[in-house]
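Chemist: My questions will all concern the structure given below.
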Amino acid sequence: MTAQTLTPPRTAAAPPGGAGLPRALHAEWIKLWTVRSTGWSVAAMVALGAGLTTLVCALVAPELAGGQESEPIGAFITWGLLFAQVTAVVLGALTVTAEYGTGMIRATLAATPRRGTVLAAKALVLSGTLFVAGVVTAFLGWLGGNAFLSAEGIGISLGDDGMLRSLLGSGLYMAGLGLLAMAVGLLLRSTAAAVSVVLALVFLVGNLVMLLPGSLGEWLTKLMPGNAGSRIAMPESFNPLLLDPWPGFAVFAAEVAVVLAVAAVTFSRRDA
Amino acid sequence: MIVASVLTKRYGERVAVDRVSFTVRPGRVTGFLGPNGAGKSTTMRMIIGLDRPTEGSVTVDGIRYLDCPAPLRAVGALLEARALHPGRTAWAHLRWMAASNGIPASRVDEVLGLVGLEAVAGQRVGRFSLGMGQRLGIAAALLGDPPVVVLDEPVNGLDPEGIRWVRTLARDLAAEGRTVLVSSHLMAEMALTADHLVVIGRGRVLADLPTADFIAEHAASYVRVRTPQPGELAELLRRSGADVTREGDELRVQGVDAAATGELAAGAGLVLHELGLVRSSLEDAFMTLTAGSVEFAAARPAEVTR
Numbered sequence: 001m002t003a004q005t006l007t008p009p010r011t012a013a014a015p016p017g018g019a020g021l022p023r024a025l026h027a028e029w030i031k032l033w034t035v036r037s038t039g040w041s042v043a044a045m046v047a048l049g050a051g052l053t054t055l056v057c058a059l060v061a062p063e064l065a066g067g068q069e070s071e072p073i074g075a076f077i078t079w080g081l082l083f084a085q086v087t088a089v090v091l092g093a094l095t096v097t098a099e100y101g102t103g104m105i106r107a108t109l110a111a112t113p114r115r116g117t118v119l120a121a122k123a124l125v126l127s128g129t130l131f132v133a134g135v136v137t138a139f140l141g142w143l144g145g146n147a148f149l150s151a152e153g154i155g156i157s158l159g160d161d162g163m164l165r166s167l168l169g170s171g172l173y174m175a176g177l178g179l180l181a182m183a184v185g186l187l188l189r190s191t192a193a194a195v196s197v198v199l200a201l202v203f204l205v206g207n208l209v210m211l212l213p214g215s216l217g218e219w220l221t222k223l224m225p226g227n228a229g230s231r232i233a234m235p236e237s238f239n240p241l242l243l244d245p246w247p248g249f250a251v252f253a254a255e256v257a258v259v260l261a262v263a264a265v266t267f268s269r270r271d272a
Numbered sequence: 001m002i003v004a005s006v007l008t009k010r011y012g013e014r015v016a017v018d019r020v021s022f023t024v025r026p027g028r029v030t031g032f033l034g035p036n037g038a039g040k041s042t043t044m045r046m047i048i049g050l051d052r053p054t055e056g057s058v059t060v061d062g063i064r065y066l067d068c069p070a071p072l073r074a075v076g077a078l079l080e081a082r083a084l085h086p087g088r089t090a091w092a093h094l095r096w097m098a099a100s101n102g103i104p105a106s107r108v109d110e111v112l113g114l115v116g117l118e119a120v121a122g123q124r125v126g127r128f129s130l131g132m133g134q135r136l137g138i139a140a141a142l143l144g145d146p147p148v149v150v151l152d153e154p155v156n157g158l159d160p161e162g163i164r165w166v167r168t169l170a171r172d173l174a175a176e177g178r179t180v181l182v183s184s185h186l187m188a189e190m191a192l193t194a195d196h197l198v199v200i201g202r203g204r205v206l207a208d209l210p211t212a213d214f215i216a217e218h219a220a221s222y223v224r225v226r227t228p229q230p231g232e233l234a235e236l237l238r239r240s241g242a243d244v245t246r247e248g249d250e251l252r253v254q255g256v257d258a259a260a261t262g263e264l265a266a267g268a269g270l271v272l273h274e275l276g277l278v279r280s281s282l283e284d285a286f287m288t289l290t291a292g293s294v295e296f297a298a299a300r301p302a303e304v305t306r
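Protein chains in written order, with full-length UniProt numbering: chain A, 1 to 272; chain B, 1 to 306.
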């Protein structure tokens with residue numbers, strides 16, 4: 001490295017415009033794709049989601065066709081998303097917790113001092129990426145899984161009831177889950193804590209409330225974010241208790257919005 | 001120009017910055033000097049809107065940082081060297097920053113060349129040494145070609161060549177008419193770099209004056225004379241216009257230099273045991289000024305060994 005002195009001051013006029021949302025979006029987009037964790041997360045989502053769906057369809061197709069298995073066929077065609085959603089949680093949390101962990105958040109806020117703009121840009125870039133990744137994952141899973149189902153004569157076409165909605169719904173659910181993890185990450189500022197809390201909420205609490213007696217347990221089961229939000233990603237469900245796809249997703253979206261709002265208020269009041 | 005007015009930051013009971021007011025003018029390097037924990041970093045963080053002042057305000061060229069339309073083109077700041085993701089390359093780090101403020105991508109290569117990092121532009125910054133990280137931080141500060149530059153402890157972790165480079169850079173930036181604020185806890189470094197000093201201790205401004213004045217005022221020198229006839233020599237020196245204080249057989253003389261003191265003594269036939277110039281260092285002056293405002297004072301070595 002050689003020491004250099006400064007070049008003469010540049011006289012070229014700076015381009016017009018400020019550090020508004022379009023520029024913040026551009027910056028967040030570059031940030032997202034210039035760390036390895038994003039590529040790994042998305043690759044893991046596709047591999048887990050599409051791979052496990054294909055695998056489970058291959059395993060159950062003969063039994064489903066033979067009538068030894070009473071579960072609905074449509075519940076298997078996006079089955080891998082159960083595991084793939086972990087990657088959406090990790091990616092969502094990392095969007096903010098990696099910045100707090102490394103001190104990067106100070107550079108981010110120095111570049112874009114308006115907290116609301118930073119948060120909106122992060123949310124849009126993250127949810128857009130997860131939506132596309134979720135749809136692609138579900139589509140590849142359908143391609144793989146359906147090959148085995150079709151071979152047994154019980155294939156599901158894209159035109160069948162709820163199939164296309166499930167593909168889009170996979171994207172929507174992944175995006176929503178990522179935003180939830182991002183909001184929790186913003187509140188807790190720790191990757192481990194944020195990922196643990198969201199996964200516990202989706203996997204653990206979401207299933208434990210089913211054990212509560214009576215209508216209380218029934219309603220809590222319906223309303224837990226993982227239960228309410230994931231139904232939209234499945235043509236049919238193993239659990240008949242769940243809310244219908246769109247009402248369920250509306251509940252999930254409202255829950256995500258509330259946590260995001262709390263996180264946004266905290267973020268805008270907090271020193272970096 | 002940076003104007004802080006009654007800027008205050010409290011964390012619960014603790015007052016980190018206490019009604020601080022100062023003006024950092026363009027065209028010169030202003031040194032922001034104080035012991036660790038004096039409130040330098042907190043003040044600088046408030047300048048660029050990272051911390052919200054409890055009271056008071058600070059503006060850059062008349063507006064709050066938060067209201068700057070493209071802040072990186074208004075103020076370039078080096079806060080902590082490690083305000084970056086270790087997995088990102090140096091080029092990518094600067095590229096997203098440029099994008100956030102509409103700065104052309106070509107400027108990224110320009111500032112990388114400026115700080116001498118072009119050869120490692122594609123390396124992940126997690127593998128950078130402290131000095132390289134510092135250079136990247138300075139590259140980020142210069143990215144928007146800003147009229148105001150704020151550097152918090154920029155020489156930390158730099159080798160002597162790097163320290164000299166930062167010193168030259170700060171002076172060049174000021175010579176170009178920019179406003180330059182450089183913080184340090186090292187008086188000697190500031191004496192070489194800064195034209196003007198704002199000294200801060202325990203969150204308060206202790207001094208705000210040109211560096212030359214600070215040196216003249218605080219780094220006083222005197223002639224020390226030891227003689228078996230201190231009374232007579234003191235009388236003689238006072239008659240020739242010197243200020244003399246007596247400590248046992250030692251005289252401290254100001255206003256007459258060592259040569260003149262010796263000649264006076266010789267003329268009167270007085271015996272001298274010692275004659276010399278004592279210069280108190282800037283570091284001593286800084287210590288004296290900030291004494292009592294150091295957050296974690298260690299016992300003085302002399303007290304420990306005695």
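Here a beta-carbon is modelled for each residue, glycine too, at the ideal position from N, C-alpha and C.
Please list, in chain order, the chain A residues whose beta carbon lies closer than 7 Å to that of HIS85 (chain B).
Modeler: Chain A residues near HIS85 (chain B): VAL35, ALA98, THR102, MET104.
Chemist: According to DSSP, simplified to helix, strand and coil, what is ILE63 (chain B)?
Modeler: If DSSP states are grouped into helix, strand and coil, ILE63 (chain B) belongs with the strands.
Chemist: Going along the chain, which unbroken runs of the alpha helix (DSSP H) with 4 or more residues stay wholly within the region 227-293 of chain B?
Modeler: Taking only runs of at least 4 residues, the alpha helix (DSSP H) segments lying wholly in the region 227-293 of chain B are 230-239, 258-267, 282-290.
Chemist: Classify THR193 (chain B) as helix, strand or coil using the three-state DSSP reduction.
Modeler: Reduced to three states, the DSSP call for THR193 (chain B) is helix.
Chemist: Within the continuous alpha helix (DSSP H) that includes GLY129 (chain B), where are the two ends?
Modeler: Per the sequence presented here, residue 129 (chain B) reads as Ser, with Gly not at that position. Here SER129 (chain B) belongs to no alpha helix (DSSP H), and DSSP marks it neither H nor E.
Chemist: Does the beta carbon of residue 349 (chain B) come closer than 9 Å to any beta carbon on chain A?
Modeler: This structure leaves residue 349 (chain B) out entirely; chain B is present only between 1 and 306.
Chemist: Here's a check: name, in chain order, each residue in its chain whose Cβ is nearer than 6 Å to the Cβ of ARG19 (chain B), leaving out the five neighbours to either side.
Modeler: Hits under 6 Å: VAL6, THR8.
Chemist: Leaving out five residues before and five after ALA139 (chain B) in sequence, what residues of the same chain have Cβ atoms less than 7 Å from its Cβ?
Modeler: Contacts found: LEU94, VAL111, LEU112, LEU114, VAL115, LEU117.
Chemist: Helix, strand or coil: which one does DSSP assign to GLY56 (chain B)?
Modeler: GLY56 (chain B) falls in the strand class under three-state DSSP.
Chemist: Any idea what DSSP makes of residue 307 (chain B), helix, strand or coil?
Modeler: Nothing in the structure corresponds to residue 307 (chain B), since chain B is present only between 1 and 306.
Chemist: Using a beta-carbon distance below 9 Å, is SER221 (chain B) in contact with chain A?
Modeler: So no, SER221 (chain B) is outside the interface.
Chemist: For a quick check, are the C-beta atoms of GLU153 (chain B) and ARG167 (chain B) less than 9 Å apart?
Modeler: No. Outside cutoff.
Chemist: According to DSSP, which residues form a beta bridge with PRO210 (chain B)?
Modeler: Looking at the DSSP assignment, PRO210 (chain B) forms a beta bridge with B:HIS196.
Chemist: Going by DSSP, which residues form a beta bridge with TYR222 (chain B)?
Modeler: Its beta-bridge partners are B:VAL278.
Chemist: From ALA83 (chain B) to ASP161 (chain A), what does the alpha carbon distance come to, in whole angstroms?
Modeler: In a straight line, the C-alpha of ALA83 (chain B) is about 51 Å away from that of ASP161 (chain A).
Chemist: Ordered along the chain, which non-local residues of its own chain (more than five positions away) have a Cβ less than 7 Å from that of GLY34 (chain B)?
Modeler: So the qualifying residues of the chain are LYS40, HIS185, VAL199, ILE200, GLY201, THR290.
Chemist: Under a CB-based cut-off of 9 Å, is THR290 (chain B) close to chain A?
Modeler: By this cut-off, THR290 (chain B) is not an interface position.
Chemist: Pull out every residue of the region 183-204 of chain B whose Cβ sits closer than 9 Å to any Cβ of chain A, in chain order.
Modeler: Under the 9 Å Cβ criterion, the region 183-204 of chain B contributes no residue.
Chemist: Can you pull the chain B residues whose beta carbon is under 7 Å from the beta carbon of THR112 (chain A), in chain order?
Modeler: Those within 7 Å of THR112 (chain A) in chain B are SER100.
Chemist: Using a beta-carbon distance cut-off of less than 8 Å, what residues from the region 184-212 of chain A approach chain B?
Modeler: Correct list: empty, as no residue qualifies.
Chemist: So, with DSSP's three-state summary, where would you put SER21 (chain B)?
Modeler: The answer is strand: DSSP assigns SER21 (chain B) an E or B state.
Chemist: Please list the partners that ALA27 (chain A) has in chain B, where partner means a Cβ-to-Cβ separation under 8 Å.
Modeler: Those are TRP96, MET97, ALA99, SER100, listed as they occur along chain B.
Chemist: Is it right to say ALA100 (chain B) is buried, meaning 16 or more other beta carbons lie within 10 angstroms of its own, or is it exposed?
Modeler: Note that residue 100 (chain B) is Ser in the sequence shown here, rather than Ala. Per the 10 Å Cβ criterion, buried.
Chemist: Beta carbon of ALA16 (chain B), beta carbon of GLY276 (chain B): below 9 Å?
Modeler: For ALA16 (chain B) and GLY276 (chain B), no; Cβs fall outside 9 Å.
Chemist: Does DSSP classify ASP152 (chain B) as helix, strand or coil?
Modeler: DSSP places ASP152 (chain B) in strand when its eight states are reduced to three.
Chemist: Using a Cβ-Cβ cut-off of less than 9 Å, list which residues of the region 82-93 of chain A approach chain B; keep chain order.
Modeler: Answer in chain order: no residues at all.
Chemist: Run down chain A in chain order and give the residues with a C-beta less than 8 Å from the C-beta of ARG82 (chain B).
Modeler: Under the 8 Å cutoff, chain A gives THR102, GLY103.
Chemist: Buried or exposed: where does TYR65 (chain B) fall if 16 or more other Cβ atoms within 10 Å of its Cβ makes it buried?
Modeler: Flag for TYR65 (chain B) reads buried.
Chemist: Taking contact to mean at least 3 C-beta pairs separated by less than 8 Å, is the region 64-73 of chain A in contact with the region 20-28 of chain A?
Modeler: With the cut-off at 8 Å, the region 64-73 of chain A and the region 20-28 of chain A do not touch.
Chemist: Does the count of Cβ pairs from the region 181-194 of chain A and the region 95-106 of chain A closer than 8 Å reach three?
Modeler: Cβ pair count under 8 Å is three or more, so yes.
Chemist: Cα separation between LEU151 (chain B) and MET1 (chain B)?
Modeler: C-alpha separation (whole angstroms): 15 Å.
Chemist: Can you tell me where the alpha helix (DSSP H) holding SER150 (chain A) begins and where it ends?
Modeler: Where SER150 (chain A) is concerned, the enclosing alpha helix (DSSP H) stretches over 115-151.
Chemist: Mind checking the region 220-238 of chain A against chain B and listing, in chain order, the residues whose C-beta falls within less than 8 Å of any C-beta there?
Modeler: Result list empty, no residue passes.
Chemist: Can we count LEU143 (chain A) as close to the ligand ZN, meaning its CB is less than 8 Å from some heavy atom?
Modeler: Of the ligands one can find in the structure shown there are none, so the ligand ZN has no counterpart to examine.
Chemist: Looking at TRP79 (chain A) and GLY169 (chain A), is the spacing between their C-beta atoms short of 9 Å?
Modeler: No; because the gap between Cβ atoms is not below 9 Å, this pair is not in contact.
Chemist: Give me the Cα-Cα distance between ALA43 (chain A) and GLY76 (chain B), rounded to the nearest whole angstrom.
Modeler: ALA43 (chain A) and GLY76 (chain B): Cα-Cα distance of roughly 37 Å.
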